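If you read the sequences in order, they're chains A and B.
Residue numbers 20 to 403, in my numbering, belong to the letters of the first sequence in order.
Residue numbers 20 to 403, in my numbering, belong to the letters of the second sequence in order.
Note that CB positions come from ideal geometry on N, CA and C, so glycine has one too.
Keep in mind the model is a prediction, meaning the values are calculated, not measured.
Number of protein chains: 2
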Amino acid sequence: MKIFHTSDWHIGKIVNNYSMISDQTYILDKFIDLVEEEKPDAIIIAGDLYDRPIPHKLAVKLLNNTLTELVINKKIPVFAISGNHDSGARVGFGSDILRKAGLYIAGDTLYDKIELSKNNKSFHFYLVPYTEPTIFRSKYNDIKTHQDCMEFIVNKIKTNMNPLATNILVGHAYVSKIGSDTVIKSESEKPLSIGDAEVIDYSIFNDFDYVALGHLHGRQYVGRPEIRYSGSLLKYSFSEVTQIKGINKVEINGKDVQVTYMELKPKKDFKIIKGTLEELTQQARAAENKTGKQNKDYIHAILMDEEELINPIMALRKLYPNIMSLEKIRDNKEFNLNTDRDYKIKSPVQLFEEFYNSHTNYIYTLKKQQYVTDVIEEVQRGEL
Amino acid sequence: MKIFHTSDWHIGKIVNNYSMISDQTYILDKFIDLVEEEKPDAIIIAGDLYDRPIPHKLAVKLLNNTLTELVINKKIPVFAISGNHDSGARVGFGSDILRKAGLYIAGDTLYDKIELSKNNKSFHFYLVPYTEPTIFRSKYNDIKTHQDCMEFIVNKIKTNMNPLATNILVGHAYVSKIGSDTVIKSESEKPLSIGDAEVIDYSIFNDFDYVALGHLHGRQYVGRPEIRYSGSLLKYSFSEVTQIKGINKVEINGKDVQVTYMELKPKKDFKIIKGTLEELTQQARAAENKTGKQNKDYIHAILMDEEELINPIMALRKLYPNIMSLEKIRDNKEFNLNTDRDYKIKSPVQLFEEFYNSHTNYIYTLKKQQYVTDVIEEVQRGEL
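Rendered as C-alpha cells:
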C-alpha cells in the first residue's frame, strides 16, 4: 500500500498581507501531478485544511476542486481530519455522505475504523480530529491536558484494534519526547495552548504501525521513524525559510514501513536577504540580467546600512516586487517595518504586536503572543 | 414517482432575537417522520437552506444531520439548490462528491440534467441555484433582470431537453404573472432587489412538467398548478400568521401531475393577540386552567388600552413566555416596542429600523428597507 501523507495546507492563509491562494493553487496542482505519477492507494491530510474556522470562499472552492479531483476523477480515497485552525463542525459537513464516495473527513467526531485492503493485507485507518481537552473535560474530570485527551482516544481505539492488521493513526497534535527539546517548531504554527499542557508523548502511539501527524510545519519524525510529520505544504513564515516542503510517500507492506520524502517546489519561495541597500540592489540587478526575470520570491530584507535611508522599501520593491518585510539593524536594536502600513488589512494579532513593540521595551514573548492570540480568536470565532 | 417539494428552511434564522433552531429541529424531525411514512422517491429543497451566507455551526450541524438521515439512512435522493440567503460556494462544497451518494446540491453552478427512472418512465431534474443577474451581466451585456437571467438558463437547458421525459425544474426566484399582483408575499422573504427587476414571468417555464420553487414563504401556485411554491417550513414573521406550513407531495405519472399539500404542525406557532391587557391576561389564565399548560407560542400582542400601562410586557411574559413583540394603539399612531432592548443582540437591520422610526415621522417603506438591507449585507458578506 502506497500512501501520500500531507498536512497543514492552511488554504486561504494570508502572510504579511499577501494572500497565499495563488501559491496554494499552484502547489496543489503540482501535488495532483505527483499523485498522477505515483498513483498512491490513499491520501492522508492530517489537519489544518484551512487557515481559519470560517475560510474565505475562494479557499472553500480550492479545497473543493482539489478533493473532487482526487476522489472523483482519480478515484483515490482521501482521509482528512480537522486541525486546530479548522472548524470541526463546518469541515465535517456532509461527512457521512461524502464517505460513500471515498472522502473520509473527520470534523468533530472520531471516525470508526476505516478498512482498506491491498494484496490480501488489511489496513485500518483511525482518524483523530484535533480536539480541545476542554471538550472532554466537561465530561471527564481527569482529562486536563492534550496528553490525557489523546490517551483517552487511543485507549478507546485500542478496544477494537486488530494487532494483525496494519494500523494507521491520523492526528493533529504537538507530539514530542516529553522532557526533550528536539522538535523543530516554526512561527507559523499557532500554539495550541500555553506551556507543556499541549505536548503529547510519542510513546502513546506504540501500538500503531504508522502515525501521520499534522501541526508542526517542519517535516520530522518523533521517537521513531514511523511517527511522522509531513510538514506544511508551503513555507508560511520566514522561520521556515531553510525548510524543504513536500509530502511523505509511505510504502507499507504489513508491518514494514518505508518513508520517502518528496519535495514540492513552490512558485514563489520565502527568502531572507541581508546586506546594504546598495549590495542588495546590485545583486538583484545582476540576477535579473542573468536570468532575464525579476525575483518574485517573498523576501525579508535585513539592511546593514549604518546611515539613515530614505524609503528603502521603494527601492527594493522595484527589484523584489514581493518583498514582505524589512528589518534594519541599528544601535543594536532591530526595527521591523512591515511594508504595508495599511492597518485596515492587518490582522488584530499583528496590530497588537506592532503596538506592543512600539510602546514598550519588554520582549513580546511567545507566552504573551499565545495569550493575545487566544483572546482575539475566542472573540473572532464567535462560536459560543 | 412521488416527490416531496419543500423550500425556505432558513436554518439558523433568528426572529425578534429568538433563535428558531429548536423549532427547526422539531419540524425537521416531523418532516423525517412524514418521509418515513410516505416513502417519497425523491426530495426537493428549493433554496434558502440556511438563513445566512455564513450560518452558525449549530445550523450546519442540523442541516448535516437532516441530509444524512434522508440520503444515507433512508436512501432517498435529495435535490437541493442554494437560495438568495445561502452562499453558493459554501453550500456547494463537495457537491461532485456528495452526488455519488445521492445528494445533489447545486451551489453556484448549474447542474447537468439528473436522471431518475421509475416504472420505465424517465424523470429529468434541472437544478437552478439562485443567481444574481450581475454574475451573468459581466459576461453578457444584454442580461439585466432576473427574467433575462432565467431566460438565459432555461434556453441553455432546453438545448438538451427530452420532451418525452418528465421534466422538473427546481428554482429559487420571485415568479409571477408579470403585470398581475396575485402572489402572496411575506415580510420574512428578503427582497431580491428593488422594483420589478426581480420578477420572472411564469410563462418562461412552459416546457416543464413541474416547477418546484422556493423564495416566497406562502404556499401557492403561479399561472398553472404545476408551477408551485411549497412555502417556508415554518412561520418566520407575523405577516405569515394565517398561513399553513408544510410541504408539497407531488405525484407524477408521465405528464400527469397531482399535488397534495401536507401540513406540518410546529412546536410553537406564531400568533397575534389583541385586546386590553386585562382581557389578554384573563384569556391566558382561562386557557392555562383548561389545558394545564402555558401558551408557549410566539406572540405579537396588540394592546387596546386607552390609559398608560406600566411595563405591560412583564405582565404578559408571565403568561406568554415567548412573547416577541408588543404594539400599543394610541392616538391613532402605532408604537412598536420590541421586548428585548438589548441592542447587542439585535441585527444592524433591526437597529436601523428602530432608529429611523424613533427619529423621523416618515414611513419606513419597503424600498428604504431594501436599500438598507442591501448595504448592510454587502458589508457583512465581506465576500468581494
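> Applying a beta-carbon distance threshold of less than 7 Å, which residues of chain A neighbour B:D115?
Replying inline: T87, I91
> Which of helix, strand or coil does DSSP assign to A:N267?
Replying inline: strand
> At what residues does the alpha helix (DSSP H) containing A:E57 begin and finish?
Replying inline: 40-57
>> Quick check: the Cα distance between B:S377 and B:G126, rounded to an integer number of angstroms?
In response: 40 Å
>> Cβ closer than 8 Å: which chain A residues qualify as neighbours of B:L135?
In response: Correct list: empty, because the minimum Cβ distance to chain A is about 18 Å.
>> Please list, in chain order, the residues of the stretch 61-85 of chain A that have any C-beta partner in chain B closer than 7 Å.
In response: I73, K76, V79, K80, N83
>> Measuring alpha carbon to alpha carbon, tell me which residue in B:K163, B:E170, B:I30 is nearest B:P152.
In response: B:K163
> For B:G311, does the count of other Cβ atoms within 10 angstroms reach 16, so buried, or fall short, so exposed?
Replying inline: exposed
>> Count Cβ pairs between the stretch 260-273 of chain A and the stretch 299-307 of chain A that sit closer than 8 Å; are there 3 or more?
In response: no
> According to DSSP, is B:D220 helix, strand or coil?
Replying inline: Of the three classes helix, strand and coil, the one that applies to B:D220 here is strand, per DSSP.
>> Less than 9 Å between the C-beta atoms of B:G237 and B:S222, yes or no?
In response: no
>> In the DSSP output, which residue or residues are listed as bridge partners for A:L146?
In response: A:V189
> Smallest Cα separation from A:Y149: which of A:V230, A:I100, A:I187, A:N186?
Replying inline: A:I100
> Hey, does A:A108 have any beta-carbon neighbour from chain B nearer than 9 Å?
Replying inline: yes
> For A:L122, which residues in chain B fall below 8 Å Cβ to Cβ?
Replying inline: G113, I116
> Using the C-alpha atoms, what's the distance from B:D105 back to B:G265?
Replying inline: Linking B:G265 to B:D105 through their CA atoms gives a straight-line distance of about 21 Å.
> Could you give the residue range of the alpha helix (DSSP H) that holds A:P74?
Replying inline: Unbroken run through A:P74: none, as it is neither H nor E.
> So is B:K119 in contact with chain A if we call contact Cβ pairs under 9 Å?
Replying inline: yes
>> At the level of alpha carbons, what is the spacing between B:E346 and B:F23?
In response: 38 Å
> Which residue from A:L335, A:I348, A:V218, A:R71 puts its Cα closest to that of A:E325?
Replying inline: A:I348
>> Among the candidates A:Q369, A:M20, A:I46, A:K274, whose CA atom is the shortest distance from the CA of A:D27?
In response: Shortest Cα-Cα distance from A:D27 to any of A:Q369, A:M20, A:I46, A:K274 involves A:I46.
> Just checking my contact of A:A65 with A:G233 at CB under 8 Å: how many whole Å lie between their CB atoms?
Replying inline: 3 Å
>> Whether or not the stretch 84-92 of chain A and the stretch 82-93 of chain B are in contact is what I'm after, with contact meaning three or more pairs of Cβ atoms, one per stretch, closer than 8 Å; do they touch?
In response: In this structure the stretch 82-93 of chain B does not lie against the stretch 84-92 of chain A, because fewer than three pairs of beta carbons, one per stretch, are closer than 8 Å.
>> Which same chain residues end up closer than 7 Å to B:K315 when comparing Cβ atoms and leaving out the 5 residues on each side of it in sequence?
In response: The beta carbon of B:K315 is closer than 7 Å to those of K287, P340, N341 in its chain, skipping five residues each way along the sequence.
> Tell me the DSSP bridge mates of B:I321?
Replying inline: B:K293, B:E346
> Taking Cβ to Cβ, would you say A:H5 is nearer than 9 Å to A:S207?
Replying inline: This structure leaves residue 5 of chain A out entirely; chain A is present only between 20 and 403.
> So, using beta-carbon positions, are B:E245 and B:V194 closer together than 9 Å?
Replying inline: no
> Skipping 5 residues on each side, what residues in its chain have a beta carbon closer than 6 Å to that of A:G102?
Replying inline: Within the same chain, Cβ atoms closer than 6 Å to the Cβ of A:G102 are found at G66, D67, Y149, H191, G233, the five residues on either side in sequence being excluded.
>> Among B:Y381, B:I382, B:T379, B:S366, whose alpha-carbon lies nearest the alpha-carbon of B:T1?
In response: Here chain B comprises residues numbered 20 to 403, so residue 1 of chain B is not present and cannot be evaluated.
> Would the stretch 49-63 of chain B and the stretch 158-172 of chain B be scored as touching if the rule is three or more Cβ pairs under 8 Å?
Replying inline: no
> When burial is assigned at 16 or more other CB atoms within 10 Å of the CB, is A:E282 buried or exposed?
Replying inline: exposed
> Cα-Cα, which of A:D42, A:Y381, A:N186, A:A334 is closest to A:K284?
Replying inline: A:D42
>> Classify B:D70: buried if its beta carbon has 16 or more other beta carbons within 10 angstroms, exposed otherwise.
In response: buried
> In terms of residues, what are the limits of the alpha helix (DSSP H) holding B:F171?
Replying inline: 165-177
> In terms of alpha-carbon separation, which member of A:I133, A:S141, A:K158, A:N139 lies closest to A:V147?
Replying inline: A:I133
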